[in-house]
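In what follows, a single structure is set out as structure tokens and then discussed.
Protein chains: 2
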Amino acid sequence: MTESQSGGLSQPAVTLSTAQKTVQVALGARSYDILIGTGLIDGAGKAIAALGDGMRVAVITDETVARLHLDPLMAGLADAGIAAVSLVLPAGEKTKSFEALMQVVDHVLAARLERGDAVVALGGGVIGDLSGFAAGIVRRGMRFIQVPTSLLAQVDSSVGGKTGINTSHGKNLVGVFHQPDLVIADTKVLDTLSDREFRAGYAEVAKYGLIDRPDFFAWLEANWRGIFSGGPERAEAIAVSCRAKAEVVAADEREAGRRALLNLGHTFGHALEAATQYDGQRLVHGEGVAIGMVLAHEFSSHMNLASRDDAARVQRHLAEVGLPTRLGDIAGALPPTDVLLDHIAQDKKVRRGALTFILTHGIGQAFIADDVPGAEVHRFLEERRSP
Amino acid sequence: MTESQSGGLSQPAVTLSTAQKTVQVALGARSYDILIGTGLIDGAGKAIAALGDGMRVAVITDETVARLHLDPLMAGLADAGIAAVSLVLPAGEKTKSFEALMQVVDHVLAARLERGDAVVALGGGVIGDLSGFAAGIVRRGMRFIQVPTSLLAQVDSSVGGKTGINTSHGKNLVGVFHQPDLVIADTKVLDTLSDREFRAGYAEVAKYGLIDRPDFFAWLEANWRGIFSGGPERAEAIAVSCRAKAEVVAADEREAGRRALLNLGHTFGHALEAATQYDGQRLVHGEGVAIGMVLAHEFSSHMNLASRDDAARVQRHLAEVGLPTRLGDIAGALPPTDVLLDHIAQDKKVRRGALTFILTHGIGQAFIADDVPGAEVHRFLEERRSP
Ligand SMILES: NC(=O)c1ccc[n+]([C@@H]2O[C@H](COP(=O)([O-])OP(=O)(O)OC[C@H]3O[C@@H](n4cnc5c(N)ncnc54)[C@H](O)[C@@H]3O)[C@@H](O)[C@H]2O)c1
Ligand SMILES: NC(=O)c1ccc[n+]([C@@H]2O[C@H](COP(=O)([O-])OP(=O)(O)OC[C@H]3O[C@@H](n4cnc5c(N)ncnc54)[C@H](O)[C@@H]3O)[C@@H](O)[C@H]2O)c1
Ligand SMILES: [Zn+2]
Ligand SMILES: [Zn+2]
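So the sequences go chain by chain: A and B. Each residue of the first sequence is one higher than the one before, counting from 1 in full-length UniProt numbering. Each residue of the second sequence is one higher than the one before, counting from 1 in full-length UniProt numbering.
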């Protein structure tokens, strides 16, 4: 990708061509490739067969994705000589539960898969997180392959090895780190994704610009329409996003430090998801993140850490692509601010009682703030709610 | 320990004194100590407090152990200024279930423990395996401390980081590797253990001799009474066992190779446990291992790999301490040999369909056999059953 094509993206990551792109996640012996390109699902069987002889797989997916994309995947597996079983679960966040985990584990064990065999996640982040957790605990860890089908999963959840489920105490509070052996991101399957889900995934794409790639954010402001319409900008944006996440993950696999930057917008976002009972009608994950990122920039400005202008620019771009950016954009009533704050405090990024947030000095200048006073967050949120 | 005290133990490991012994498990940044000594439980709070400031803990235990040993532990924690909650589960193998796992996870999350806080397992291998699994998945891994109270847990399950639960498909098929931060083995709590459970744990002690410490096995033949009666031989045998296991674990943390030697007697043993529906009235784990070790030696002799005499010597010693050593020693009927073989094949040590066993060239000369023909095992077992 050249400067002119990238609209000012100063760190060219990959070329703006329609050919398949490969991003490597460098984790020593556990390094793996992310394949990105259009129509890759048809050849997924071959790519998986290349991982090892005589491998068998269990494909985990959800009802919506199964209807649209399971057949070509299974056909490709059969063509490649890979014995495969499949399990179709209900679509939606509620599937990230202990009950569904037990179902997946039982399915994999009933098929008598061994450590060298693989669990294949075909779906969005819900299926990826759940299946990866199951792959991480069956026989104390089996092979795992991600075939992400939502934009969010392609740019975020399928990369990095975080897996997990939700409990009544909060989101993602139970899980393991379990890296995949391969990620296959077919950009064409995104054509069947609803506009709403596509936009939600786009929030995570924008996040990488906001963390530490200001030029990428500017490129997105100029090129987002090509990403949405399925132009070559789509694979480009996905590759830059994967590379951004892969870099952070390689530097900090277990989230001891820098990896926390990926939580930009997520502390507020998770609290909003909890406050809306993970009801996807009211708020999906990426929407929570969009509002959360705007709140993080505004709170940073409120704390005199960043300019109001940057916060406004973030809000403007996310609103332009059609994402919610305000608490008031969420349908229905929100619980009192105290309850929101409780959700924030139960969030797993809490350390020994102190509130940790990802704040920013401006677009592309996010940082980890360890000692954010709860009272200040409370005041700030109260202001947002009674404008 | 000198040669004369050790009855021929050629590699003196620790001295035969009543002082506290420490065995280190060397795993780089995840190294930890095993403290071994009489009465350590009273000072456990202090030892735990030394791990970190302001730590909070959730103690997980079973009804039997709670009645006998929970109060002194909780008192010591309180004295050391550690906030602690406790959860008491039913005693027995059935507690290694998804249901109990969910209970522990819920208990830990309800107490709002964070990553730097600890789950403390006070009990035998069941409580240790279950609690360690919970500690490994809550917030994708929190601190974990083992206070093993059975002989088996002190010499085996509390060391090495293997955690897990059982499912209807088999034992320990679901779990994670999660190393403890500290192991506190109080040799005095073993005084309340039933004779049967003590003997079962002793099978694992003997195992270390049979794997690669022939002199230790000879020392056990001469000194076992002191171990059973609570003499200084007890802490000695526990320390040698922990050191033996720690060495193997340090060399092969994730069970890719040499660690499999620790499964001597376990492939047969697990099949027998499954065949008796994990009914502790009929067979406890160490008893299955005792019979399994005798079978492994006899099968090795049957395959002309080891002498009949060594197999006979193993059988004699285990029978002398009161352990079952024959299929016929198990109360009630066993299922047909085909079913036993099915249990063996579902065992997680199976690799791509080939039967893997730990066989031996004689006492202290165990090795990993990757390609044991199922038909030969079938014939051998049939012979044992119709003597
Ligand atoms: N592990 C991580 O690092 C990580 C990172 C970010 C988010 N997450 C998790 O990811 C989840 C959200 O992911 P998500 O937004 O993909 O949710 P999702 O898996 O629920 O997918 C969203 C919806 O889109 C549908 N869908 C997916 N692909 C489709 C396609 N190609 N065509 C038509 N419909 C399709 C699904 O059936 C679902 O209804 C959350 O649970 C979040 O916690 C995990
Ligand atoms: N993780 C590993 O590496 C590993 C290794 C070997 C065995 N294991 C597992 O360990 C389990 C067996 O361990 P176990 O034999 O300790 O079983 P256990 O935990 O069930 O304990 C046996 C019985 O002794 C009782 N007990 C324990 N300590 C006592 C004490 N001090 N006084 C009186 N009663 C006491 C318990 O209540 C229980 O009824 C199996 O599930 C096995 O799979 C795990
Ligand atoms: Zn996210
Ligand atoms: Zn054992």
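Glycine included, each C-beta is placed from N, C-alpha and C at the ideal position.
Please find out if some non-hydrogen atom of ligand 4 comes closer than 6 Å to the beta-carbon of Val289/B.
-> yes
For Tyr32/A, name the three-state secondary structure that DSSP assigns.
-> Strand, per DSSP.
Alpha carbon to alpha carbon, how far is Pro148/B from Asp279/B? Give it in angstroms, no decimals.
-> 22 Å
With DSSP as the reference, label Val126/B as helix, strand or coil.
-> helix
Please confirm if His343/A has its CB atom under 7 Å from at least one CB of chain B.
-> no
Can you name the residues of chain A whose CB is closer than 7 Å to the CB of Val174/B?
-> By Cβ distance, chain A contributes Val105, Ile137 and Val138.
Just the chain A side, please: which residues come within less than 9 Å of Gly164/B by C-beta, in chain order?
-> Simply Ile137 and Arg140.
Assumed close pair Ile165/A, Leu101/A - CB separation to whole angstroms, cut-off 8 Å = Separation of the CB atoms of Ile165/A and Leu101/A is rounded to 6 Å, and the pair is thereby assigned contact status at 8 Å.
Per DSSP, what kind of secondary structure is Gln24/B in: helix, strand or coil?
-> strand
Rounded to whole angstroms, what's the CA-CA distance from Ala85/B to Phe357/B? Just pull it up for me.
-> It is Val, not Ala, that sits at residue 85/B in the sequence shown. The alpha-carbon atoms of Val85/B and Phe357/B are separated by roughly 42 Å.
Cut-off 8 Å between Cβ atoms - residues of its own chain near His178/A, not counting five sequence neighbours on either side = The answer, listed in chain order, is Gly132, Phe133, Ala135, Gly136, Gly141, Phe144, Gly161 and Thr163.
Residue range of the unbroken beta strand (DSSP E) whose run includes Thr167/B | Ile165 to Thr167
What is the C-beta distance between Gly209/B and Phe216/B, in whole angstroms, given that I count them as a contact (C-beta under 8 Å)?
-> 4 Å
Out of curiosity, what's the CA-to-CA distance linking Leu70/A and Lys171/A?
-> 28 Å
Beta-carbon separation of Gly37/A and Gln20/A under 7 Å?
-> yes
In angstroms with no decimal places, state the Cα-to-Cα distance between Arg379/A and Ser229/A.
-> Distance between the alpha carbons of Arg379/A and Ser229/A is about 41 Å.
Among the residues of its own chain, which have a CB less than 7 Å from the CB of Leu152/B, if the five just before and after it don't count?
-> Gly124, Gly125, Ala200, Gly201, Glu204, His285 and Gly286
Residue environment, Gln146/A, which counts as buried when at least 16 other CB atoms sit within 10 Å = buried
Sorted by chain position, which residues of the same chain lie with C-beta nearer than 8 Å to His361/A's C-beta, five sequence neighbours on each side aside?
-> Correct list, in chain order: Ser300, Leu305, Ala306 and Phe367.
Identified DSSP bridge partners for Ala147/B = A small fix is needed here, since residue 147/B is Val in this sequence, not Ala. Partner(s): Leu122/B.
Taking only beta-carbon atoms, is Leu89/A less than 7 Å away from chain B?
-> no
Alpha carbon to alpha carbon, what distance is there between His107/B and Ala296/B?
-> 41 Å
So which residues on chain A does Leu109/B lean against when the C-beta distance must stay under 7 Å?
-> Thr167, His169 and Leu173
Note the first and the last residue of the continuous beta strand (DSSP E) segment covering Asn172/A.
-> Gly170 to Val174
Where Ala84/A sits in the DSSP three-state scheme = strand
Just to confirm, are Leu35/B and Ile211/B a CB contact at a threshold of 7 Å?
-> Contact flag unset, no.
Helix, strand or coil for Ala375/A per DSSP?
-> helix
Using three-state DSSP, classify Lys207/B as helix, strand or coil.
-> helix
How is Asp252/B classed by DSSP in three states: helix, strand or coil?
-> It is coil, neither helix nor strand.
Interface residues of chain A facing Phe177/B [CB-CB closer than 8 Å] = Arg140 and Gly141
Measure the CB-CB distance between Arg243/A and Val23/A and report whether it falls below 7 Å.
-> With contacts defined as CB atoms closer than 7 Å, Arg243/A and Val23/A qualify as a contacting pair.
Kindly say whether Pro373/B, judged by its beta-carbon, lies nearer than 7 Å to any beta-carbon of chain A.
-> no
Quick one, which residues of the stretch 143 to 155 of chain A are near chain B if we go by CB-CB under 9 Å, in chain order?
-> Cβ contacts with chain B come from no residue of the stretch 143 to 155 of chain A.
Helix, strand or coil for Ile137/B, going by three-state DSSP, please let me know.
-> Ile137/B falls in the helix class under three-state DSSP.
Whose Cβ in chain A lies nearer than 7 Å to the Cβ of Phe98/B?
-> Near Phe98/B (Cβ distances below 7 Å), the residues of chain A are Met102.
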